[in-house]
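Below you'll find the structure, written out as structure tokens, and then a few comments.
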DNA sequence: CATGAATGAGAATTCATTCAT
DNA sequence: TATGAATGAATTCTCATTCAT
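Pasting the structure below:
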């Protein structure tokens, strides 16, 4: 009976873990770090605060996992695109389009990606995530330079600029997107155009 | 004698005010909003917490002023450049160069500009500041399009992308600048190049 | 086992809540609003300050509840007396006697009833409470006038005067009660006499 | 020249002292103790905070003096009335009328008289003041009993009740006066009637 | 495993009082 | 005498974390 219960418990635990992550993501997406005190996460997930600490060593760890999970999936998509057998400019266009469309669909990710989560541990993870994104774009740009699609350039700088460019165009306050979300296609096209030009394509 | 004392008082007051602003700026630059509780600011400035509230109605106001002060000067320089009688691409290059050089000299500004200060009041000011920067670049890009220096494009999107690009290249975690600050000229040149290409110049 | 724990928890919670209320009441009775900062209440109740905020949204709410609780029971007694099938003068006599006796037994209530709690939210409640007391006496006096036990008069003014009269006689600084609590019966009789005469009975 | 300046200074000082007292009274009347921090008093009086401490040992002393001054004048009027060669009931009527009319004209006194000033030192003075008022009414009532105008009674209790009655009718929350200030004469008459009846006249 | 009451270290803010000028 | 900048203790409230059940 012990292992049987243990199995049930594990299942229940897994369910709780998932619910906690989802609740955290929802609260952060809705109102940022400040909107997600542990008690609120517990309430949203329908668990006790104590249970959160059974699944995560600290609040920072919980946030790190939420951020990582949010980024990981996108990253895999990007890496798929980056690895495709297509000209670099086309891959760049596709990667940016994918990111922008996904971000416009669910603002949570973009927010988490840009926002300063205040807690140093989480901030470190955010930096790591942005770097991962930068790496993908760096690979594409470097490829493009190697194959002659893009002119010679400091590919690190270009990759950083591209990540900054579409991020700001999406979530930044300078962004035109918020006001005119209506014409999403045009926005995506414009951002792609700018980023492609930035890489020299 | 009255005016002499008055002058002295003013001087001391100004001194304290200035010290508070400098302390805040230093702490924020070093570790963001969370690194600058009122007590820490007071300690850093060498004053009491109460004195901070004699000079600033609230902590948010203090932060807003720090941010505004940090941005205002740059903005004036930019506006001067934007208004110069030069081809748009050249103005764009100059504006970006000015920003990047200044940011590299004092990393505090760039940080303050990018960081999410959590407090809604301060966040509002940050948004305003980014918009102001965006406006300057929008003007240049729009000019360039009008005079044929740049191709037709969504100038709002381009402006946002440019601001995002050089900001990320400077302070973003994808940024190459942190590791290789040594070759500042090359970095500045690279960022300019990318941004000019982004505008289509 | 679940319900057992639940019961225990509730009991403990109720205990803490009760202890907080009692501590607040004791401190306010001893020295007024100023004598009851949250830290002092916590210390007196033997709990942490944080726990107070788990049970009460704010300090003002805590004070309001203390005041309300202190008044509510008396009020129910009064309303019972006011509704009795007796001549108005007799009901008036009984109501005053009940209040005075209870107040002499525990001076806390009278204090809370009279004291200006400085905080607007609490002050509003105090006003409401006095009005409720006034309403009871108004009803009795109006009844008396209707049935001819009392002469025609401005019953609102009379009710206010009666509440003010026995309050002052009890807790007011003009009060003789403090010095000569010994002869409680005589004091009660005197106050009743004065108030009955005031109503014209 | 020394004494000449000294004279000037004294005069100026006296002026300042008066202005401080007036400013305090105005602020307290407008919004109570909480509305009169030392800095606000200084601003209202047009002096520095430091000067306040040259004239008054502490804030509590300042408040005590304001309260005392506010009460003293009324008290002298009452004592005049109490000493008049008239029947006790008439003197009682006159004293109450005088108080009520003055209080209705300027709500500041009544407020100061009833309010709990929170600070123990000031509270002590408030108690003393109420006692002084009580004494006046006690003298009148005792006279009335001695001369047969009023029946035998506990004159101390009656005096306290009368002070409480007209105070509550004036400033208390049960009070009808606030809503229907229009008919001042009727209110004054009603209060007098009730209080006279209370004394048995 | 699960609960949630309890903790207590901080955070922002206020204000009576002092003291160098 | 007069100033008002400066102090810092006190106050209300928050929230990550723990632990007895």
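Protein chains in written order, with this note's numbering: chain A, -4 to 196; chain B, -4 to 196; chain C, -4 to 196; chain D, -4 to 196. Where a beta carbon is used, it is the ideal one built from N, C-alpha and C, also for glycine.
Which class does residue 74 of chain B belong to by DSSP, given the choice of helix, strand or coil? Reading the second chain from its first residue, position 79 is the one you call residue 74 of chain B. Residue 74 of chain B: helix per DSSP, three-state reduction.
Of all the CB atoms in chain C, is at least one closer than 8 angstroms to the CB of residue 234 of chain D? For residue 234 of chain D there is no data in the structure shown, the boundaries of chain D being -4 and 196.
Look at residue 161 of chain B and residue 72 of chain B and say whether their C-beta atoms are less than 8 angstroms apart. Here the question's residue 161 of chain B lines up with position 166 in the second chain. Here the question's residue 72 of chain B lines up with position 77 in the second chain. Taking 8 angstroms as the Cβ cut-off, residue 161 of chain B and residue 72 of chain B do not qualify as a contacting pair.
Is the CB of residue 53 of chain A under 8 angstroms away from at least one CB in chain B? Your numbering for residue 53 of chain A matches position 58 in the first chain. Proximity of residue 53 of chain A to chain B, defined by a Cβ-Cβ separation below 8 angstroms, is not satisfied.
Contact belief for residue 99 of chain A with residue 64 of chain A at Cβ below 8 angstroms, rounded distance in angstroms: Looking up residue 99 of chain A in the first chain gives position 104. Looking up residue 64 of chain A in the first chain gives position 69. About 20 angstroms separates the two Cβ atoms, so there is no contact after all.
Cutoff 8 angstroms: residue 57 of chain A Cβ touching any chain B Cβ: Here residue 57 of chain A corresponds to residue number 62 of the first chain, with the count starting at 1. For residue 57 of chain A, the answer is no, since every Cβ of chain B falls outside 8 angstroms of its Cβ.
Measuring CB to CB, does residue 129 of chain C end up less than 8 angstroms from residue 164 of chain C? Mapped onto the third chain, residue 129 of chain C falls at position 134. Mapped onto the third chain, residue 164 of chain C falls at position 169. No, these two residues do not count as a Cβ contact at 8 angstroms.
Using the Cβ count rule (16 or more neighbours within 10 Å means buried), how would you classify residue 122 of chain B? The residue given as residue 122 of chain B occupies position 127 in the second chain. Counting Cβ neighbours within 10 Å, residue 122 of chain B comes out exposed, since fewer than 16 surround it.
Under 8 angstroms between C-beta atoms of residue 135 of chain C and residue 77 of chain C: Within the third chain, numbered from 1, the residue matching residue 135 of chain C stands at position 140. Within the third chain, numbered from 1, the residue matching residue 77 of chain C stands at position 82. Contact: yes.
Does residue 163 of chain A come within less than 8 angstroms of chain B when only Cβ atoms are used? Mapped onto the first chain, residue 163 of chain A falls at position 168. It does: the Cβ of residue 163 of chain A has a partner Cβ on chain B nearer than 8 angstroms.
Taking the alpha-carbon positions, what's the residue 94 of chain B to residue 187 of chain B distance? Indexing the second chain from 1 puts residue 94 of chain B at position 99. Indexing the second chain from 1 puts residue 187 of chain B at position 192. About 11 angstroms.
Secondary structure, alpha helix (DSSP H): runs of 4+ residues fully inside the segment 34 to 91 of chain C: 44 to 50, 54 to 78
When the cut-off is 8 angstroms and only beta carbons count, does residue 139 of chain B lie next to chain A? In the second chain, the residue the question calls residue 139 of chain B occupies position 144. False, the Cβ-Cβ gap to chain A never drops below 8 angstroms.
Meets three-Cβ-pair contact criterion under 8 angstroms: the segment 16 to 27 of chain B and the segment 188 to 195 of chain B: no
Residue 182 of chain D at chain C interface by Cβ criterion, 8 angstroms: Here residue 182 of chain D is taken as the residue at index 187 of the fourth chain, counted from 1. So, interface residue.
According to the Cβ coordinates, are residue 116 of chain C and residue 152 of chain C closer than 8 angstroms? If you number the third chain from 1, residue 116 of chain C lands on position 121. If you number the third chain from 1, residue 152 of chain C lands on position 157. Not closer than 8 angstroms, so no.
Simplified DSSP state of residue 10 of chain B, which is helix, strand or coil: Your numbering for residue 10 of chain B matches position 15 in the second chain. Correct three-state label for residue 10 of chain B: helix.
Could you tell me the alpha carbon to alpha carbon distance between residue 52 of chain D and residue 29 of chain C, rounded to whole angstroms? Counting from 1 along the fourth chain, the entry for residue 52 of chain D is found at position 57. Counting from 1 along the third chain, the entry for residue 29 of chain C is found at position 34. Spanning the two alpha carbons is a distance of roughly 21 angstroms.
Considering only the alpha carbon of each residue, which of C:41, C:32, C:146, C:42 lies closest to residue 54 of chain C? Residue 54 of chain C sits at position 59 when you count from the first residue of the third chain. Comparing Cα positions, the closest option is C:32.
Under 8 angstroms, do residue 19 of chain A and residue 46 of chain A count as touching if we go by C-beta distance? Working through the first chain from its first residue, we reach residue 19 of chain A at position 24. Working through the first chain from its first residue, we reach residue 46 of chain A at position 51. Taking 8 angstroms as the Cβ cut-off, residue 19 of chain A and residue 46 of chain A do not qualify as a contacting pair.
Where residue 193 of chain B meets chain A, residues with beta-carbon distance less than 8 angstroms: Counted from its first residue, the second chain places residue 193 of chain B at position 198. Chain A residues near residue 193 of chain B: 156, 160, 189, 190, 192, 193.
For residue 132 of chain A and residue 139 of chain A, I'd like the C-alpha separation in whole angstroms. Here the question's residue 132 of chain A lines up with position 137 in the first chain. Here the question's residue 139 of chain A lines up with position 144 in the first chain. Distance between the alpha carbons of residue 132 of chain A and residue 139 of chain A: 11 angstroms.
So what does DSSP say about residue 138 of chain D, is it helix, strand or coil? Here residue 138 of chain D refers to the residue found at position 143 of the fourth chain. Three-state result, residue 138 of chain D: helix.
Against chain A, with Cβ distances strictly below 8 angstroms, would residue 15 of chain B count as a contact? Here the question's residue 15 of chain B lines up with position 20 in the second chain. Output row for residue 15 of chain B: interface = no.
Starting from residue 180 of chain A, follow the alpha helix (DSSP H) in both directions and report where the run begins and ends. For the purposes of this step, residue 180 of chain A is taken as the residue at position 185 of the first chain. For residue 180 of chain A, the enclosing alpha helix (DSSP H) has its first and last residue at 179 to 194.
Would you say residue 87 of chain B and residue 196 of chain B are within 8 angstroms of each other, going by their C-beta atoms? Taking the first residue of the second chain as position 1, residue 87 of chain B is located at position 92. Taking the first residue of the second chain as position 1, residue 196 of chain B is located at position 201. In this structure, residue 87 of chain B lies near residue 196 of chain B, with their beta-carbon atoms less than 8 angstroms apart.
Note down, in chain order, all residues in the segment 63 to 91 of chain D with a beta-carbon under 9 angstroms from any beta-carbon belonging to chain C. none
CB contact flag (residue 37 of chain D, residue 43 of chain D, <8 angstroms): As a position in the fourth chain, residue 37 of chain D is number 42, starting the count at 1. As a position in the fourth chain, residue 43 of chain D is number 48, starting the count at 1. Cβ distance < 8 angstroms, so residue 37 of chain D and residue 43 of chain D count as in contact.
What does residue 142 of chain C reach in chain D if we use C-beta pairs closer than 9 angstroms? Looking up residue 142 of chain C in the third chain gives position 147. Under the 9 angstroms cutoff, chain D gives no residues; its nearest Cβ is about 18 angstroms from residue 142 of chain C.
Please classify residue 31 of chain C: does DSSP put it in a helix, a strand, or coil? If you number the third chain from 1, residue 31 of chain C lands on position 36. In this structure, residue 31 of chain C counts as coil in the three-state DSSP scheme.
Looking only at C-alpha atoms, which of C:61, C:11, C:146, C:181 sits nearest to residue 49 of chain C? For the purposes of this step, residue 49 of chain C is taken as residue 54 along the third chain, with counting starting at 1. Closest by alpha carbon: C:11.
Classification of residue 149 of chain C by the beta-carbon crowding that lies within 10 angstroms, buried from 16 upward: Taking the third chain and counting its residues from 1, one reaches residue 149 of chain C at position 154. It counts as buried.
Contacts that residue 186 of chain B makes with chain A (C-beta to C-beta distance below 8 angstroms): Stepping through the second chain from its first residue, residue 186 of chain B is reached at position 191. Per Cβ cutoff of 8 angstroms: 152, 156.
What did DSSP end up calling residue 146 of chain C once you bin it into helix, strand or coil? Here residue 146 of chain C is taken as the residue at index 151 of the third chain, counted from 1. Here residue 146 of chain C sits in coil by DSSP.
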